[in-house]
Every structure is written in structure tokens, then in C-alpha cells.
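Single-structure report; data block below.
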Amino acid sequence: EPEVTQTPSHQVTQMGQEVILRCVPISNHLYFYWYRQILGQKVEFLVSFYNNEISEKSEIFDDQFSVERPDGSNFTLKIRSTKLEDSAMYFCASYSSRGADTQYFGPGTRLTVL
Amino acid sequence: AQRVTQPEKLLSVFKGAPVELKCNYSYSGSPELFWYVQYSRQRLQLLLRHISRESIKGFTADLNKGETSFHLKKPFAQEEDSAMYYCALSLPWGLTGGGNKLTFGTGTQLKVEL
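One line per chain: the protein sequences are A and B, in this order.
For the first sequence, this note's numbering begins at 73 and goes up steadily by one.
For the second sequence, this note's numbering begins at 53 and goes up steadily by one.
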């Protein structure tokens with residue numbers, strides 16, 4: 073069964089540095105998402121992406137965040153200048169289309185900002 | 053804004069005992085409700101969704117619009133059911149311009165003891 077993959081599994085960075093988290097969605101999926109989960113808290117929506125543009129974003133997704141689908145397979149989340157509070161598990165998800173399908177999640181990238 | 057509440061952080065039951073994981077939501081319309089499960093060190097995966105009205109791994113969940121609840125039930129808990137369970141909601145398709153983000157509850161850790 074096809075799966076969403078994410079790299080790296082764990083990223084450690086210094087505060088103020090830029091990070092790029094990578095995701096490879098399931099190949100025939102059209103909708104892509106990023107969620108995050110701060111330790112001990114719930115999974116929170118960050119952004120959804122369809123047809124090469126953001127379809128919805130949350131309050132968390134400020135100017136420090138951006139998403140891109142650079143080559144038709146990868147889906148990236150960039151944090152321009154990381155803060156301590158960006159430390160979290162970041163999940164990518166993809167979804168084929170409206171209807172009976174569901175969002176499929178990647179295994180997550182644990183981001184630690186020091 | 054929509055919200056999902058899971059009142060129990062931890063639920064501990066003995067093997068063979070009935071399980072009920074509570075989920076309440078707030079949304080004035082007709083949302084889609086889901087249960088996701090996360091086994092130890094694995095990704096989030098869909099357990100069931102209300103529109104399917106099916107039983108997966110012995111679990112069922114009925115949407116009660118009057119009580120705005122979507123409790124997850126299983127008559128006889130098994131050791132392999134030990135996991136983190138998340139209730140999630142998405143709005144009807146098209147309401148937000150597509151994308152159908154998921155709003156998660158805080159999760160309930162189910163521990164099945166022998």
C-alpha cells in the first residue's frame with residue numbers, strides 16, 4: 073500500500089536558522105496538508121495546499137512559514153527563522169479527492185529548536 | 053470555530069472489558085467525524101469515519117447529533133488495542149473552498165491491561 077513519507081525523521085536546529093521539512097505524498101493525491109503537534113498537546117492544522125496554491129491556513133502559519141511543491145512529487149514546509157516554540161512533531165498528509173477517501177499521514181518529523 | 057473535546061487523557065481497562073472513548077464536538081452544521089489511532093512509534097491512521105458506518109477491529113462509533121457526540125466503543129478490549137486515539141472533525145466539503153482540514157481532539161491514551 074502506498075504511504076506518505078517524510079524526511080528527516082528528526083531535525084535539530086539552532087534558533088534563528090531556516091529549516092525545510094520534506095514530504096512525498098501519495099502519487100495520485102491532489103490535496104496536501106501540514107499539521108504539527110507540540111509535545112503533550114493536540115495535533116493542529118497548519119496549512120492545506122491544492123492546485124499549487126494554499127487553500128487554507130491557520131493562525132499559526134504566519135510569514136515565517138511557507139510551503140512549496142517544487143517538482144510535482146515533494147511537498148515542503150519551510151520555517152524561515154526558527155523559534156524555540158517551533159519545536160514539535162510535524163506531520164504531512166495527503167488526500168486523493170473529495171468523497172470516500174481519507175487523509176493519509178506521514179510518520180512525522182520531530183523538529184527540535186535549541 | 054469548530055472544536056473537538058476528548059475528556060479523558062488516559063483510559064485504562066482490563067482485557068475483555070468494554071471500552072468507550074468519549075468524543076464531543078462543537079459545530080452547528082453537519083460535520084464529518086473520524087477516529088484516528090496511533091500505535092506506539094507508528095503514524096496516525098484512520099480507524100473509522102461516521103459516514104462509513106462500519107466496524108473496524110471491533111470498534112464502532114455512532115454520531116449523535118443531539119448530543120454532538122461520536123464516542124468510540126468496543127465490547128471486548130484486546131491487548132493490541134493499546135494506543136493513542138484521536139477524534140477528529142472536518143467540515144462539509146466545499147465549505148472552506150476545498151482542503152477539508154482536520155480538527156483534532158487532545159487524544160485519549162488507551163491502555164489495556166492483562
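Just so you know, even glycine gets a beta-carbon here, dropped at the ideal spot from N, CA and C.
Helix, strand or coil, according to DSSP, for residue i in the structure here?
i, result
"A/E90", "coil"
"B/L162", "strand"
"A/L156", "helix"
"B/T106", "Checking the sequence, you will find Glu at residue 106 of chain B rather than Thr. Coil at B/E106, not helix or strand."
"B/E132", "helix"
"A/S99", "coil"
"A/I126", "strand"
If residue i and residue j are in contact, beta carbons under 8 Å, what's the gap, nearest whole angstrom?
i, j, result
"A/V139", "A/V115", "Not confirmed; about 17 Å, so no contact."
"A/V91", "A/Q83", "6 Å"
Closer than 7 Å: is that where the CB of residue i sits relative to any heavy atom of the ligand ATP?
i, result
"A/H82", "Of ligands this structure carries none, so the ligand ATP is not represented either."
Spatial neighbours of residue i within its chain, please: C-beta separation below 7 Å, excluding the five flanking residues on both sides.
i, result
"A/S169", "L102"
"A/V185", "T85, M87, T154, K155, L156, D158 and S159"
"B/L98", "F86 and Y88"
So the candidates are the options; which of them puts its Cα closest to the Cα of residue i?
i, options, result
"A/F117", "B/K163, B/Q161, B/R55 and B/L166", "B/R55"
"B/A113", "B/W87, B/T155, B/E60 and B/S78", "B/W87"
Please classify residue i as buried or exposed, where buried requires at least 16 neighbouring CB atoms within 10 angstroms.
i, result
"B/A69", "exposed"
"A/D158", "buried"
"B/A53", "exposed"
"A/Q113", "exposed"
"A/Q89", "exposed"
Just to confirm my understanding: we take residue i, look at its own chain, exclude 5 residues before and 5 after, and list those with CB closer than 8 Å. What are they?
i, result
"B/G157", "V56, T57, Q58, C75, Y138, C139 and A140"
"B/P144", "G81, S82, P83 and E84"
"B/F66", "A129, V164, E165 and L166"
Suppose the cutoff is 6 Å on Cβ atoms and the five residues either side in sequence are ignored; what does the same chain contact list for residue i look like?
i, result
"B/Q161", "L62 and M136"
"A/L149", "L93, W106 and V139"
"A/F104", "P97, F121, F147 and S166"
- Task: Taking a Cβ distance cut-off of 9 Å, strictly less, list which residues of the stretch 96 to 119 of chain B are near chain C, in chain order.
- Result: Any reference to chain C falls outside this structure, whose protein chains are A and B.
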